[in-house]
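Chains as they are written, first to last, in our numbering: chain U, 1 to 83; chain D, 101 to 183. In this text, a Cβ means the ideal position worked out from N, Cα and C, and glycines have one as well. This structure is a prediction, so every number in the text was calculated from the model and none was measured.
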């Protein structure tokens, strides 16, 4: 079976996100007021083959923990859909 | 009213995503088979103030078009929730 996984990897809430802060500070330059907190992370879309949805979840979890996310600084969430 | 916007900015489907390709090639190094296509973009979470949901949408649309996304190479999708 083929699955598609959508993964969001975001900086921990407790950590300063300098990229987001810089973008927020620049919103006034394009005349947008009222935008306060911006946090920027990664969005990853992945196609994978697995025998079951549980196996697909396992694979995505392993990929996130071992390769995609830095768990000291980031958290991840994912959704899996069968194709 | 306060809103929270979740924005995904992804490289166009027609374009090669070298970052995603590199990650996909490395999946075999952590013993994960069957992962084919990976595309990597940005996930942005933004808090904003607006009078109505329509105004909030306007602001997010403007922010994406003028600052966050490069429309030549990227597409964006967003969801807005009232807080």
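Chain-ordered chain U contacts of residue i [CB-CB under 9 Å]
i: residue 132(D); result: 48, 59, 62, 63, 66 and 67
Residue-chain proximity (residue i, chain U), Cβ-Cβ < 8 Å
i: residue 152(D); result: no
i: residue 125(D); result: no
Any chain D beta carbon closer than 8 Å to residue i
i: residue 42(U); result: yes
i: residue 72(U); result: no
i: residue 38(U); result: yes
i: residue 1(U); result: no
i: residue 35(U); result: yes
Residues sharing a beta bridge with residue i, DSSP
i: residue 174(D); result: 111(D)
i: residue 156(D); result: Paired residue(s): none; residue 156(D) is not in a bridge.
i: residue 179(D); result: 106(D)
(request) Taking 8 Å as the threshold, find out whether the stretch 162-178 of chain D comes into contact with the stretch 20-28 of chain U through three or more Cβ pairs. (result) yes
(message) Across the stretch 136-144 of chain D and the stretch 25-34 of chain U, are there enough close Cβ pairs to call them in contact, namely three or more that are closer than 8 Å?
(response) no
(message) Quick check for students: name the residue ranges of the alpha helix (DSSP H) that lie wholly in the stretch 102-153 of chain D, counting only runs of 4 or more.
(response) 118-126
(message) Three or more C-beta pairs under 8 Å: does that hold for the stretch 173-181 of chain D against the stretch 102-118 of chain D?
(response) yes
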